């Protein structure tokens, strides 16, 4: 389980997730809970399972490929 909560509006989440995945830090099938202010662009190898908005916050649930 990965919690990703980068600073809003700086596109750091995409880079952080791609780097963690490339470094082998994310297990196959891992769930990622990503908090951002806008819909994130999930890197290749991740499936979007759900998105929910809470005020200014968008929570996206991703699953890493198995």
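Residue numbers (my numbering): 1 to 66.
All residues carry an ideal CB built from backbone N, CA and C; glycine is no exception.
Here the structure is a predicted model, which is why all the values come from computation and not from measurement.
In the three-state scheme derived from DSSP, where H, G and I count as helix and E and B as strand, residue 1 is classed as coil. Under the DSSP assignment, residue 42 falls outside any alpha helix (DSSP H); it carries neither an H nor an E label.
Check the Cα spacing between residue 20 and each of 43, 53, 57, 10: the tightest is with 43. In this structure, 34 is the residue among 62, 34, 30, 23 with its C-alpha nearest to the C-alpha of residue 5.
When only Cα atoms are considered, residue 53 and residue 47 end up about 18 Å apart.
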